[in-house]
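If you count the sequence shown from 1, position 34 lands on 33 in numbering that gives the first Met the number 0, and the numbers rise without skipping.
Backbone N, C-alpha and C define an ideal beta-carbon position, used for all residues, glycine too.
Keep in mind the model is a prediction, meaning the values are calculated, not measured.
One structure is given here, and the rest of the page talks about it.
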Amino acid sequence: MADGREAVRELLAGGRPAWDRFAREYRLVVLKAVHTAARRFRAGEADVEDAASQVFIELFQDDGKALRAYRGESALTTWLTVVAYRIATREFVRRIRAREVEAAKPVAAPPVRDAEVFETLERLPEIDRRALVMFHVDDCSYKEISDQLGIPLNQVGMVLLRAREKLAKVLKPASEE
């Protein structure tokens, strides 16, 4: 194509064949700018292709409204690089935010009634039951649990871990029903 302003004028007047020619001719310019943005956001190849497509969609929509903003003060490739980088950055940020929102949605835990938990606690050995209740209900520290149960301080964490595992093992079949 000719110089920047002339190329944009031809494009806007030329219809679909001109749009296709423009997309083929400037695809590498757009991809390079999108790849630059992708490195910043650690985006994958599929995201790069999607963002590059979005660049052309935004350039061509509304009868080339975005392209009409090109004033010819810089080379068309320079202007296109800046525009493509900005659109790609916006796309990557939008996708990251969407993933974060999706990841932040709470995952529903299997329903377990309090009564089941307390019944199961009663079936645990006394030291396990007392350790769990002291830690999770009474908010006791490891030191307090150690003193109350007469076990070494460095073993409190292991007692709690094993007690939780025993509790989960007994509750698991009930929650899978």
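- Nearest to glutamate 90 by C-alpha distance, out of Ala36, Asp146, Arg26 and Gly13, is Ala36.
- The alpha-carbon of leucine 160 is positioned some 10 Å away from that of glutamine 154.
- Exposed is the label assigned to glycine 149, since fewer than 16 other Cβ atoms lie within 10 Å of its Cβ.
- Check the Cα spacing between lysine 168 and each of Arg41, Met133, Arg122 and Leu11: the tightest is with Arg122.
- Annotated as distal: valine 116 and leucine 30, with beta-carbon spacing of 8 Å or more.
- DSSP, read as helix, strand or coil, puts isoleucine 150 in coil.
- Membership of aspartate 19 in the alpha helix (DSSP H) is indicated by the continuous run 3-40.
- The segment 36-50 and the segment 77-92 touch, with three or more beta-carbon pairs separated by less than 8 Å.
- Its Cα nearest to that of serine 73, the residue Arg4 stands out among Ile144, Leu166, Arg4 and Val158.
- The DSSP-derived three-state label of alanine 167 is helix.
- Here the segment 7-23 makes contact with the segment 63-72; the two share three or more CB pairs at distances below 8 Å.
- For leucine 11, the closest alpha carbon among the candidates Ala68, His34 and Arg26 is that of Ala68.
- Between alanine 130 and valine 158 the beta-carbon gap is near 5 Å, inside 8 Å, which marks them as a contact.
- Alanine 74 carries a coil assignment under DSSP once its states are collapsed to helix, strand and coil.
- For glycine 71, the closest alpha carbon among the candidates Asp2, Gly14, Leu152 and Arg163 is that of Asp2.
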